[in-house]
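Visitor:
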Amino acid sequence: MDGGLKRAIAVELGFRSRELWQPGFFDHVLRSDESCDEKWNYVTENPVRAGLVQIASEWPYQGEIVIIDRV
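With our numbering as the guide, the letters of the sequence shown map in order to residues -3 to 67.
Okay, here's the thing in structure tokens:
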């Protein structure tokens, strides 16, 4: 994510940028439907693991997966 956008979001939410964003990340190419389903399930369960909701469907910010067809 662009540094300027990260900073703007942090300021809007009242954080210093370092407090809001983790220092690094790892990307991962999803090469199969099974891998995609596995990762999506992991991500949707994060609010449950964090104790923010009892079940994943209660979390209002689920997002979506966009398939990019690389020809």
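Yeah, the Cβ is synthetic: ideal placement off N, Cα and C, and Gly gets one too.
Nothing here was measured: the structure is a model prediction, and the numbers come from that model.
So for Ser28, helix, strand or coil by DSSP?
Guide: If DSSP states are grouped into helix, strand and coil, Ser28 belongs with coil.
Visitor: Determine whether the beta carbon atoms of Leu48 and Lys35 lie at a separation below 9 Å.
Guide: No, these two residues do not count as a Cβ contact at 9 Å.
Visitor: Spatial neighbours of Pro43 within its chain, please: CB distance less than 6 Å, with the 5 preceding and 5 following residues excluded, ordered by chain position.
Guide: For Pro43, where only same-chain residues beyond five positions count, the Cβ hits under 6 Å are Val49, Trp55.
Visitor: May I ask you to report which of helix, strand or coil DSSP gives Pro19?
Guide: Three-state result, Pro19: coil.
Visitor: Contact check, Ala52 vs Glu41 under 8 Å by CB: the rounded distance?
Guide: Right, the Cβ-Cβ distance comes to about 6 Å (below 8 Å), so this counts as a contact.
Visitor: Just tell me which of Trp17, Val39, Leu9 has its CA closest to the CA of Tyr57.
Guide: Out of Trp17, Val39, Leu9, Val39 has the C-alpha closest to the C-alpha of Tyr57.
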